[in-house]
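The structure under discussion appears below in the form of structure tokens.
Protein chains in written order, with this note's numbering: chain A, 60 to 309; chain B, 272 to 546.
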């Protein structure tokens with residue numbers, strides 16, 4: 060714990076310096092509050108609206124987690140299909156990769172048309188954002204499995220099931236977690252976008268409404284909380300990764 | 272020099288018989304053409320060939336990882352064990368590849384127990400059997416370690432133990448020491464001699480190192496021309512137990528001279544193919 064604290068000391072100091080710079084620059088240069096509000100104003104605004112912001116935070120977090128969870132299930136299943144069938148490898152895999160050339164932002168309004176203004180349209184946008192990194196990284200994890208181990212197992216008479224559970228699946232875990240960490244951070248962006256397109260609650264909706272009122276402090280407090288959420292989700296994914304891979308450390 | 276003892280395919284003392292083996296990669300000249308050879312139970316046989324002759328391909332054929340275009344690979348002496356094209360046959364062969372191919376996420380204990388586990392042995396019993404063997408393999412006290420915490424030589428010992436426990440009657444060792452440094456290699460050769468003289472498993476050992484082949488084996492099979500259709504054979508009658516000092520004896524030097532002759536390099540240097 061102590062060592063971890065020491066290793067994160069530089070970033071803490073650096074963050075503090077940036078915060079000070081922000082505060083000093085806005086005061087010294089007299090930047091208008093609707094361009095960049097003072098950091099102290101933003102913090103005060105967060106504190107004053109803590110109950111409201113807490114509610115919006117929970118809404119956005121819920122959308123992100125739900126979308127992320129569904130992406131984990133379907134992304135992993137897609138990766139297993141790609142791994143298990145050479146036909147899927149030749150059809151689904153290139154399709155998933157090619158689908159990334161579609162600007163997801165342009166696709167997102169369709170989600171609102173399909174799923175309405177309820178939570179599901181936001182969840183759908185989160186899935187659009189997070190499915191790809193999980194599916195592709197897990198598929199690559201499967202593909203990176205050491206073929207030597209598979210050959211040893213086959214020469215010992217391993218069945219397909221053994222090969223999958225004892226060789227392929229453990230080999231794919233690091234790739235899966237790489238995908239999960241990427242997906243965890245961008246899921247918040249997906250949820251925010253979903254709320255912009257049409258939502259009654261959530262931090263995305265909050266910042267949008269605040270910006271139309273030229274309330275710089277409120278916009279920035281929303282943004283600050285959203286990035287905090289992204290960091291929290293990333294750290295959770297990282298913690299899960301460490302917990303499940305601590306047995307290997309390779 | 273050549274062992275001319277006739278071997279019938281039905282001979283009960285056979286551990287492996289290969290008949291008419293033919294294999295070529297999709298595009299390209301055949302590597303093996305009508306190849307025959309036999310290995311008796313409890314024999315240590317080395318397969319010595321210059322690089323590029325398809326040594327590893329041969330092992331993959333024997334291990335059932337590739338199917339031959341013609342010919343049969345028979346384990347033991349009974350007809351039923353003729354290899355099909357599938358991998359349906361149960362673990363009867365221990366394949367030890369060039370790289371150790373250990374699972375980085377498993378402990379030494381669970382890596383070595385893999386074969387037993389695949390054969391359906393209960394986990395507790397499998398671990399117990401591995402634990403009993405670790406000291407004899409020079410691995411005492413390493414059971415809880417991960418492969419990356421071990422040296423290259425230690426990892427190969429774990430790999431060997433894994434093949435021995437999961438492999439049934441025949442062990443295929445594919446240049447297992449080729450990636451080790453010279454000193455480790457010598458100690459591993461002595462170690463293998465010792466372990467083998469204790470357990471007397473049937474071993475087919477691929478190498479391009481003449482000393483290694485002569486030191487370890489009862490017989491050395493030598494491939495010289497490509498495609499390989501027949502093998503030259505050298506019986507190594509050096510007394511056992513052998514140690515690394517065996518290589519210093521006159522009889523060893525004589526065998527080495529004969530080997531070089533069989534490889535067609537009797538007069539010149541050793542050449543690039545057999546360092």
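By construction, the Cβ of each residue, glycine as well, lies at the ideal position given by its N, Cα and C atoms.
As the structure is a computational prediction, the values presented were derived from the model and not from experiment.
Minimum Cβ-Cβ distance from residue 214 of chain B to chain A less than 8 Å: Given that chain B is displayed from residue 272 to residue 546, the structure contains no residue 214 of chain B and the question cannot be resolved.
Below-8 Å beta-carbon distance, residue 100 of chain A vs any chain B residue: As a first step, residue 100 of chain A is located in the first chain; it is residue number 41 there, counting from the start. Not closer than 8 Å to any Cβ of chain B, the Cβ of residue 100 of chain A fails to qualify, so no.
Nonlocal neighbours in the same chain, by C-beta distance under 6 Å from residue 69 of chain A, ignoring five residues either side: Here residue 69 of chain A refers to the residue found at position 10 when the first chain is read from its first residue. Cβ within range, chain order: n/a, list empty.
Cutoff 8 Å: residue 447 of chain B Cβ touching any chain A Cβ: For the purposes of this step, residue 447 of chain B is identified with residue 176 of the second chain, where counting begins at 1. No - not a single Cβ of chain A is within 8 Å of the one on residue 447 of chain B.
Cβ-based contacts, 9 Å cut-off: residues of the region 68-80 of chain A near chain B: For the region 68-80 of chain A, which is checked against every Cβ of chain B, not one residue is closer than 9 Å.
Cβ-based burial, residue 152 of chain A [other Cβ within 10 Å; buried from 16]: Here residue 152 of chain A corresponds to residue number 93 of the first chain, with the count starting at 1. Per the 10 Å Cβ criterion, buried.
7 Å Cβ cut-off: residues of chain B touching residue 217 of chain A: Counted from its first residue, the first chain places residue 217 of chain A at position 158. Those are 389, listed as they occur along chain B.
Assigned exposure category for residue 285 of chain A - 16 Cβ within 10 Å defines buried: Position 226 of the first chain, counted from the first residue, corresponds to residue 285 of chain A. Label assigned to residue 285 of chain A: buried.
Distance between residue 170 of chain A and residue 147 of chain A (C-alpha atoms, nearest Å): Along the first chain, one-based indexing puts residue 147 of chain A at 88. Along the first chain, one-based indexing puts residue 170 of chain A at 111. Answer to the nearest angstrom: the Cα atoms are 26 Å apart.
Where residue 367 of chain B sits in the DSSP three-state scheme: For this step, residue 367 of chain B is matched to residue 96 along the second chain. Residue 367 of chain B falls in the strand class under three-state DSSP.
Residue 114 of chain A (DSSP reduced to helix, strand or coil): Here residue 114 of chain A is taken as the residue at index 55 of the first chain, counted from 1. Here residue 114 of chain A sits in helix by DSSP.
Nonlocal neighbours in the same chain, by C-beta distance under 6 Å from residue 318 of chain B, ignoring five residues either side: For the purposes of this step, residue 318 of chain B is taken as the residue at position 47 of the second chain. Within the same chain, residue 318 of chain B has close Cβ partners 477, 492.
Beta-carbon separation (whole angstroms), residue 404 of chain B vs residue 413 of chain B, contact threshold 8 Å: If you number the second chain from 1, residue 404 of chain B lands on position 133. If you number the second chain from 1, residue 413 of chain B lands on position 142. Wrong, their Cβ atoms sit about 12 Å apart, outside the cutoff.
Straight-line Cα distance separating residue 162 of chain A from residue 294 of chain A: Taking the first residue of the first chain as position 1, residue 294 of chain A is located at position 235. Taking the first residue of the first chain as position 1, residue 162 of chain A is located at position 103. Rounded to whole angstroms, residue 294 of chain A to residue 162 of chain A spans 28 Å at the Cα level.
Short Cβ contact (8 Å threshold) for residue 373 of chain B with residue 415 of chain B: Position 102 of the second chain, counted from the start, is the residue given in the question as residue 373 of chain B. Position 144 of the second chain, counted from the start, is the residue given in the question as residue 415 of chain B. Their beta carbons are not under 8 Å apart, which means residue 373 of chain B does not touch residue 415 of chain B by this criterion.
From A/154, A/291, A/283, A/124, residue whose alpha carbon lies closest to that of residue 138 of chain A: Numbered from its first residue, the first chain carries residue 138 of chain A at position 79. Out of A/154, A/291, A/283, A/124, A/154 has the C-alpha closest to the C-alpha of residue 138 of chain A.
Proximity of residue 273 of chain A and residue 93 of chain A at Cβ, strictly below 8 Å: Translated into the one-based positions of the first chain, residue 273 of chain A becomes position 214. Translated into the one-based positions of the first chain, residue 93 of chain A becomes position 34. Yes, the Cβ-Cβ distance between residue 273 of chain A and residue 93 of chain A is below 8 Å.
Test: residue 21 of chain A CB closer than 8 Å to a CB of chain B: The requested residue 21 of chain A is not part of the displayed model; chain A covers only 60 to 309.
Candidates A/90, A/229, A/124, of which the one nearest residue 376 of chain B by Cα: Start at 1 with the first residue of the second chain, and residue 376 of chain B comes out as number 105. Here the closest residue by C-alpha is A/229.
Beta carbon proximity, residue 374 of chain B to chain A, threshold 8 Å: By one-based count along the second chain, residue 374 of chain B stands at place 103. Chain A, which has a Cβ nearer than 8 Å to the Cβ of residue 374 of chain B, makes this yes.
8 Å Cβ cutoff met for residue 249 of chain A and residue 126 of chain A: To locate residue 249 of chain A, count along the first chain from 1; it is residue 190. To locate residue 126 of chain A, count along the first chain from 1; it is residue 67. It is a contact, given that the beta carbons lie within the stated cut-off.
Contact set between residue 404 of chain B and chain A, taken where Cβ atoms lie within less than 7 Å: Locating residue 404 of chain B in the second chain gives position 133, where the first residue counts as 1. Residues of chain A passing the Cβ test: none, with the nearest at roughly 17 Å.
Within-8 Å CB hit, residue 334 of chain B to chain A: Counted from its first residue, the second chain places residue 334 of chain B at position 63. Output row for residue 334 of chain B: interface = yes.
C-beta neighbour in chain B for residue 214 of chain A, strict 8 Å: Position 155 of the first chain, counting from 1, holds the residue named residue 214 of chain A. True, the Cβ-Cβ gap to chain B drops below 8 Å.
Closer than 8 Å to chain B by CB, residue 143 of chain A: Residue 143 of chain A sits at position 84 when you count from the first residue of the first chain. By this cut-off, residue 143 of chain A is not an interface position.
Beta-carbon gap between residue 460 of chain B and residue 487 of chain B smaller than 8 Å: As a first step, residue 460 of chain B must be located in the second chain, where it is residue number 189. As a first step, residue 487 of chain B must be located in the second chain, where it is residue number 216. Going by C-beta atoms, residue 460 of chain B is nearer than 8 Å to residue 487 of chain B.
Residue 142 of chain A CB to nearest heavy atom of the ligand SAH below 7 Å: The ligand SAH is not part of this structure, which contains no ligands at all.
Cutoff 8 Å: residue 207 of chain A Cβ touching any chain B Cβ: Mapped onto the first chain, residue 207 of chain A falls at position 148. It does; some Cβ of chain B falls within 8 Å.
Residue span of the alpha helix (DSSP H) that contains residue 473 of chain B, given as start and end: To locate residue 473 of chain B, count along the second chain from 1; it is residue 202. It is not in any alpha helix (DSSP H) - residue 473 of chain B instead sits in the beta strand (DSSP E) that spans 473-478.
The region 494-506 of chain B contacting the region 324-338 of chain B, beta-carbon criterion three pairs below 8 Å: yes
Residue-chain proximity (residue 199 of chain A, chain B), Cβ-Cβ < 8 Å: Walking along the first chain from the start, residue 199 of chain A turns up at place 140. It does not: the Cβ of residue 199 of chain A has no partner Cβ on chain B nearer than 8 Å.
Positions along the region 229-250 of chain A whose CB lies within less than 9 Å of some CB in chain B: From the region 229-250 of chain A, only 229, 230, 232 have a Cβ closer than 9 Å to chain B.
Interface residues of chain B facing residue 82 of chain A [CB-CB closer than 7 Å]: As a working note, residue 82 of chain A is residue 23 in the first chain. Here the premise fails: no neighbours, minimum Cβ distance about 48 Å.
Sequence-distant residues of the same chain with beta carbon closer than 7 Å to residue 433 of chain B, five excluded per side: Looking up residue 433 of chain B in the second chain gives position 162. Contacts found: 382, 383, 385, 386.
Backbone CA spacing between residue 548 of chain B and residue 299 of chain A [nearest angstrom]: The first residue shown for chain B is 272 and the last is 546, placing residue 548 of chain B beyond what the model contains.
Same chain, Cβ closer than 6 Å to residue 441 of chain B, five either side skipped, listed in chain order: Along the second chain, read from residue 1 onward, the residue named residue 441 of chain B stands at position 170. Closer than 6 Å at Cβ, skipping near neighbours: 286, 287, 364, 473.
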